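K.L.:
Take a look at the following structure, please.
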Amino acid sequence: MMNTKAIGYITANYAGNEPSKLLENRPVAALPFLGRYRLIDFPLSNMTNAGIHTVGLAMPGNWRSIADHVGHGGDFQLDRKIGGLYTFPGNPYGTTKRGMRFLLRDIISNRELFERSDAPYVVVMGANIIFNMDLNEVIDAHERSGVGITMLYVKAERKHSDASRLIIGDAGRVQKVEPGCEYGDNKFIDCFIINRDLLLDIIKHYANADYLDFFEAIAGDMARVDVCSYEYKGLAIGIFGERSYYERSMELLAPTVYDQLFQKDRPIRTKAHDAAPAKYYAGSNVANSFVSAGSKIHGTVRNSILSRNVIVESGANVTNSIIMYGCVIKRGARVENAIIDKNNVVPENTEYRGTPDAIMVIGKGTRL
Amino acid sequence: MMNTKAIGYITANYAGNEPSKLLENRPVAALPFLGRYRLIDFPLSNMTNAGIHTVGLAMPGNWRSIADHVGHGGDFQLDRKIGGLYTFPGNPYGTTKRGMRFLLRDIISNRELFERSDAPYVVVMGANIIFNMDLNEVIDAHERSGVGITMLYVKAERKHSDASRLIIGDAGRVQKVEPGCEYGDNKFIDCFIINRDLLLDIIKHYANADYLDFFEAIAGDMARVDVCSYEYKGLAIGIFGERSYYERSMELLAPTVYDQLFQKDRPIRTKAHDAAPAKYYAGSNVANSFVSAGSKIHGTVRNSILSRNVIVESGANVTNSIIMYGCVIKRGARVENAIIDKNNVVPENTEYRGTPDAIMVIGKGTRL
Amino acid sequence: MARKECIAMLLAGGQGSRLMDLTSKIAKPAVSFGGKYRIIDFTLSNCANSGIETVGILTQYRPYQLHEYVGSGRAWDLNITGSGVSILPPYATQEGGAWYEGTADAVTHNLDYIKSHHPEYVLILSGDALYRMDYREMLKTHKEHNADLTIGVMPVPWEDASRFGILTADENGQVTKFSEKPAHPDSNLASMGIYIFSYDFLVNALEEDAINQRSSHDFGNDIIPKALADGKRLFVHAHHGFWKDVGTIASYHETSMDLLGEDPLFDLFDEKTPIMSNDSSRPPHYIGPDGRVDDSLVANGCRIMGTVRHSIISTDACVGERAIVEDSVLLPGAIVKNGAHVSRAILGENAVVEEGVKLGSVDTTKDTAVVGNDVVIGKGE
Amino acid sequence: MARKECIAMLLAGGQGSRLMDLTSKIAKPAVSFGGKYRIIDFTLSNCANSGIETVGILTQYRPYQLHEYVGSGRAWDLNITGSGVSILPPYATQEGGAWYEGTADAVTHNLDYIKSHHPEYVLILSGDALYRMDYREMLKTHKEHNADLTIGVMPVPWEDASRFGILTADENGQVTKFSEKPAHPDSNLASMGIYIFSYDFLVNALEEDAINQRSSHDFGNDIIPKALADGKRLFVHAHHGFWKDVGTIASYHETSMDLLGEDPLFDLFDEKTPIMSNDSSRPPHYIGPDGRVDDSLVANGCRIMGTVRHSIISTDACVGERAIVEDSVLLPGAIVKNGAHVSRAILGENAVVEEGVKLGSVDTTKDTAVVGNDVVIGKGE
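Set out below in structure tokens:
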């Protein structure tokens, strides 16, 4: 059913602080995830599954991979005449400052969309903390509470220097948003609901401070705008760099974790492809792994995630690794504790071996 | 029928040299044209009407209006699984150097598309000289001639300092491409056919000179690559700034000119809108004008072009003018020899009057 | 499939023979109306504007143009995976093929479709009237009354009541009587042929009706009287505003003229509830140096060199020099050549009135002139 | 509308009753095949890969799932304004409704559709075989011979020839004789049911056939013999490569198995001529810690906790712990629960084999076991 209460706004220009070969040619939001997805699929699917039909999307400077993947929103039911997906150039260098996701300047660039709507609320999201949530529950809670902003958080299970923590006071009111997050802190999952009128007020009020993050700008004004918190009890997966990317991906190999992210009544949508079902040849040996369509498996795969169109030749062995689109692991090669970016060929009888503490990362290859 | 001979490449980041209020917030390629079109519709429609299903589109830095309009190519039959429209960030500051349209760096950014194709030819176009041509005739001529490049030109009808002229020698071979163009010169219409293999060779060969325009780069090499010319006998409309924009638009009021640009078997495609048919009230008085859907006419309109959703109130008078989307010409107001950009309100009994030699230009308004 | 609160079934199968030559080759819902629309646009736009995202369209009579026009439903934002619009023509099963024998029968044949969406409510619509309605309001009425069936009604002038199916209701809106074209009406609430059924009741009512040999399998003739007789909870939902059937040449012409004037009875320009259509990317229209247009609607692609008064000129229609068109409707691509004079006429798609021909009369006691699609009217005719 | 060189008419109306329980609720072309495909994908992909951009799909038997699956044709890049795919079900006219009585009759009823595209050639296809073919090559043959009708043929083993419609041709490929299942074949060229007609000949042949009271209105039975008798120019176009009908349970199973092995008879992975389908955005499949998959195809969304050998596991199917699936085809959503053992079986969509149940036999002299869509096989059965 069409959501008449809310429109959406997503920032896809978070750039992170950790240098990585995975991010040399693509923004974080375009990182491939679990074989066939990209991170941006998750915020978009959450919006679509809540019936939100109008979404503004702030793009990074290197937006090509996102545009190729998302297109005009058709695969997300967002290719519409009324509403739909509105992409626009966000800050091209991204939001690299610690904890910053919602640059005021980007929000202001999208002002026309906020002004044209008559929905009372705006759901705001980043693209590097992913989850599968019934947003309508949160929108309803926000509406009942009557506050200006509702910020979503989880209890942090680990340290994240590039996440933000919420200091929460009486009646769940957020007093402060601070960079960095330790175990047990209230970790902001880069998602909040805001009254549309309030957002337009803030845009007008802080126009001269447009170089600030949204929550930096209103830091002195939290009480007046009435910022509430909402604890999300489900799975939220934060991707800040190679290490968290690898670890969080591997955790999904447990069906109990996987089932929290993938639910039949709230599908994660993504770009459709014409890849054949994966083919297992006689003698293949695969266990505890995700394998995507278009792959051909002759060899051995253990505790790994294979993207589309990966070939694992006979006698090749892939263990504890993430293999991206179009890679070929040649006869007798061995890949262990590694992330192999797309279109690489691992030559015969070679080894790419990292350790659990030092995952080996191989950047994009040149196979066509 | 699907074109298996050619793929397309369009540069939409030409920025021109004349400052203009019309170009403060939009690239030239996104200029509204004849009420409901934008310039970019013309190269895209030429591609589609020739059955070309794969098109790379180099975007300017301020790409939002193009993305809103073109979407993922659906209205141009380019929203496809195999092939389709590939947008990518071109040089954000455009190609402002005189006569430069095809920056080598942008072409190199699109290399993967050229490499993946197996079509023998690439049709290359800009977006500020528009026409409606059967490209297959030119592709066939190129194929028959066996040359490396075929450049299209018309006999210039006037001086254009920002167009290029071709110096043509024996057997139609292009010896030089020079900036600027006088009456009677061979005016390059920013469209050429090139063998795909040759394009890939040039990309490789001149990679270190990627700051150059394509034809600057190969200037010393014209004979070797074998560049031929093809005279286009139809209408080619060059838009380089306000003056040419106004004059060329007005010339279309003659049905004999109009009929050269709009032909039933080669439709100009554009974004679909839900605007009602234009409504003429009792007492309206319109002659020699184009009026777009969604407009409401009470007053007088002469020799003018009205975009969608324009309101001309009673007693208002619009003469020799171009009125863009969503403008309201209030009771008793007078607009003459003017270009009024979108969302302006011309107040009651005011006058916006330019002269034939000094067209008045009013930038975008703020009406929602 | 996710449970949907309310889905719509749009009855679009009838021939519409009272539209004469306009429906000789296409189904009534696909007939052009209002310059750039087709009749079905109004109902589909109502669905879209009411947030109803699952619409089954029941077709039967010459449906090809209708199918092509509806396409994937994209024009109405109804191209939604797993819901959106679905074209539901008659089909064959192991037992052979069965044509839709009545409005209820058509829905009965598609109960599987309805069931697959698990709706709580089913909205039954027809695609042959011009009106704006937020079906959510009607659904609210239905839910408030905990009704089995809610019927959309329109207060009509008492003197016209005997031309309609009339519902009599008590002060709570509960239906007490249904009379088809009563000679002495005791109510002026005319049925609009718009129904909301609670799902379980619909399934039961249709299954019972299907095995009733004496039934004509029609909602108005059979399902509603039976439901009333059975003591089911039937309520009315009153629609206040414009509503007109366009099923005859006279009403088609009259309703077209209702779009004109300073303050039209039906306003195509209302931006809150836009009328969406499958637009054709045609250029703006051109009014020539001697063109003259007064109190009219003119769509894209037209070329008006002559005079147009109080008329609707649809997409790509042309009016030649010194030609006059008045009180008329030109359907898409119709051509009135130089010096011709067309009055109170409907010209079908791509119809041609040759140079100098005079067609129709401003005399309103005469019938509206109709020229079929693709027909050429020459001097001799 | 712009003139098209060649358009296709795809006959998708038959029940496919020899596929038994697999077609009890859906038309044969919509039956799942090859893990993520439906049977019609192969023909539609051939059209797309041959550059044929206008395809009329003639439906009749339970077409709903087929219509939903084909949708706007986007999955095959056939969502093209003014052409692309069009669903053509039986319809009613002023004279009432008429079901398609034979393959030729179905096309006759849609001559208006064909005429509206002004083609020079019309390709007639059926949607029930697995093959890759560039129809442009066949069109080239047709044009070279200046033929009235060209028939796609497949050389079959001589001993099988008497099971097919056999065409005898001279050294130029001109057809001299057509024999339906001849006892003593003098040729081994079997008709594939793929025809290219020159437009004028098609229209004449169908119009003559329509008024022939003794005709069964079938291309093979009526149109071809008549054309031969009339001395028309009929030619064969030989297809070399894989081609198999999947219209019976035995051929469905056999052809499914042809997709497996080191060097399969039909390669789904050929990137030059990709098989396109309406993909469902499901996640990659998961092979559990004790999962074991050997010589099989596994689609997205599956969860394999047990053992799979020489089988096809379609989208969202599940194989439980300690379960064994061998020489079988699990259709989308089929579930084999813990410890069950399935051999040489076809499990319909969302069929369930309960824990510990043993189904089917590896004995190839026995029939393939078939479980219908949504059917649950418990211990007692």
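Residue numbers (my numbering), protein chains in the order written: chain Z, 3 to 370; chain D, 3 to 370; chain C, 1177 to 1557; chain P, 1177 to 1557.
Cβ coordinates follow ideal geometry from the N, Cα and C atoms, glycine included.
Bear in mind the structure is a predicted one, so any value in this text is a computation, not a measurement.
Flag Glu1150(C) as yes if its beta-carbon sits less than 8 Å from any beta-carbon of chain D, otherwise no.
P.N.:
No statement about residue 1150(C) is possible, as the shown extent of chain C runs from 1177 to 1557 and does not include it.
K.L.:
Quick one: is Ile270(Z) near chain C, going by C-beta distance under 8 Å?
P.N.:
It does not: the Cβ of Ile270(Z) has no partner Cβ on chain C nearer than 8 Å.
K.L.:
Contact defined as beta carbons within less than 8 Å: I believe Cys183(Z) pairs with Val126(Z). What is the distance between those atoms, to the nearest angstrom?
P.N.:
About 19 Å separates the two Cβ atoms, so there is no contact after all.
K.L.:
Which whole-angstrom value describes the C-beta separation of Ile1183(C) and Ile1256(C), a residue pair presumed to lie in contact below a C-beta threshold of 8 Å?
P.N.:
The Cβ separation is near 12 Å, so there is no contact.
K.L.:
Could you give the distance in angstroms between the alpha-carbon of Arg113(Z) and the alpha-carbon of Ile205(Z)?
P.N.:
Roughly 8 Å separates the two Cα atoms.
K.L.:
If you draw a straight line from the alpha carbon of Asn345(D) to that of Leu202(D), how long is it in whole angstroms?
P.N.:
When rounded, the distance between both Cα atoms is 45 Å.
K.L.:
Closer than 8 Å, CB to CB, is Leu370(Z) near chain D or not?
P.N.:
Judged by the 8 Å Cβ criterion, Leu370(Z) is in contact with chain D.
K.L.:
Check whether the Cβ of Gly1349(P) sits closer than 7 Å to any heavy atom of the ligand NAD, and report yes or no.
P.N.:
Absent from the structure shown: the ligand NAD. Ligands present: none.
K.L.:
Taking a Cβ distance cut-off of 9 Å, strictly less, list which residues of the segment 1452–1466 of chain P are near chain Z, in chain order.
P.N.:
Hits within the stretch, in order: Met1452, Ser1453, Asn1454, Asp1455, Ser1456, Ser1457, Arg1458, Pro1459, Pro1460, His1461, Tyr1462, Ile1463, Gly1464, Pro1465 and Asp1466.
K.L.:
Which class does Asn1549(P) belong to by DSSP, given the choice of helix, strand or coil?
P.N.:
If DSSP states are grouped into helix, strand and coil, Asn1549(P) belongs with coil.
K.L.:
Which same chain residues, not among the five before or five after Arg1238(C), have their C-beta less than 7 Å away from its C-beta?
P.N.:
Closer than 7 Å at the Cβ level, and outside the excluded window around Arg1238(C), lie Lys1201, Ile1202 and Ala1203.
K.L.:
Pick from Val1518(C), Tyr1267(C) and Ala1510(C): whose alpha carbon is nearest that of Ala1527(C)?
P.N.:
That would be Ala1510(C), whose Cα lies nearest to the Cα of Ala1527(C).
K.L.:
Suppose you measure from the CA of Thr152(D) to the CA of Arg1250(P); what does that come to, to the nearest Å?
P.N.:
In a straight line, the C-alpha of Thr152(D) is about 34 Å away from that of Arg1250(P).
K.L.:
Could you spell out where the beta strand (DSSP E) holding Ala295(D) opens and where it closes?
P.N.:
No beta strand (DSSP E) holds Ala295(D); DSSP gives it neither H nor E.
K.L.:
Would you tell me roughly how many angstroms separate the C-alpha atoms of Leu59(Z) and Arg118(D), rounded to the nearest one?
P.N.:
Rounded to the nearest angstrom, the two C-alpha atoms are 29 Å apart.
K.L.:
Taking the beta carbon of Gln79(Z) as the centre, do at least 16 other beta carbons fall within 10 Å, making it buried, or is it exposed?
P.N.:
It counts as buried.
K.L.:
Within the 8 Å Cβ cut-off, does Arg82(D) reach chain P?
P.N.:
Chain P contact via Cβ: present.
K.L.:
I want to verify the contact list: residues of chain D whose CB lies under 9 Å from the CB of Phe1395(C), in sequence order.
P.N.:
Simply none; closest approach about 31 Å.
K.L.:
Under three-state DSSP, which class holds Gln1241(P)?
P.N.:
Residue state, collapsed to three classes: helix.
K.L.:
For His74(Z) and chain D, any beta-carbon pair shorter than 8 Å?
P.N.:
At least one chain D Cβ lies under 8 Å of His74(Z).
K.L.:
Closer than 8 Å, Cβ to any Cβ of chain Z: which residues of the segment 1257–1271 of chain C, in chain order?
P.N.:
So the list reads Thr1257, given in the order they occur along the chain.
K.L.:
Measuring CA to CA, which of Thr1235(P), Leu1343(P) and Val1351(P) is closest to Met1368(P)?
P.N.:
Looking at the Cα atoms, Leu1343(P) is the closest of the given residues.
K.L.:
Consult DSSP for Trp65(Z) and reduce its assignment to one of helix, strand or coil.
P.N.:
The answer is coil: DSSP assigns Trp65(Z) none of H, G, I, E or B.
K.L.:
Using only the alpha-carbon positions, how far apart do Arg167(Z) and Arg38(Z) sit?
P.N.:
So the alpha carbons of these two residues sit roughly 31 Å apart.
K.L.:
When you compare the CB of Trp1252(C) with every CB in chain P, is at least one pair closer than 8 Å?
P.N.:
So, not an interface residue.
K.L.:
Just verifying my parser: in three-state terms, what is the DSSP assignment at Ser1208(P)?
P.N.:
Correct three-state label for Ser1208(P): strand.
K.L.:
Which of the three DSSP states, helix, strand or coil, is assigned to Arg107(Z)?
P.N.:
Helix.
K.L.:
So is Arg1458(P) buried or exposed if we call it buried at 16+ other beta carbons inside 10 Å?
P.N.:
Buried.
K.L.:
If we cut at 8 Å on Cβ distances, does Pro1450(C) have a partner in chain D?
P.N.:
Pro1450(C) counts as touching chain D.
K.L.:
In terms of residue numbering, what span does the beta strand (DSSP E) encompassing Asp164(Z) cover?
P.N.:
Taken as a continuous stretch (DSSP letters only), the beta strand (DSSP E) holding Asp164(Z) covers His162 to Ile170.
K.L.:
Using the beta-carbon count (16 or more within 10 Å), is Asp1398(P) buried or exposed?
P.N.:
Buried: at least 16 other Cβ atoms inside 10 Å.
K.L.:
Looking at the structure shown, is Asn345(D) part of a helix, part of a strand, or coil, going by DSSP?
P.N.:
The answer is coil: DSSP assigns Asn345(D) none of H, G, I, E or B.
K.L.:
Please report the straight-line C-alpha distance between Ile196(D) and Tyr123(D), rounded to a whole angstrom.
P.N.:
If you take the alpha carbons of Ile196(D) and Tyr123(D), they lie about 6 Å apart.
K.L.:
Between which two residues does the beta strand (DSSP E) carrying Val1231(C) extend?
P.N.:
Looking at the DSSP string, the run of the beta strand (DSSP E) that includes Val1231(C) is Thr1230 to Leu1234.
K.L.:
From Met1177(P) to Asp70(D), what distance separates their C-alpha atoms?
P.N.:
At Met1177(P), the pLDDT of 41 sits below 50, so the modelled position is not reliable and the matter cannot be decided from this model.
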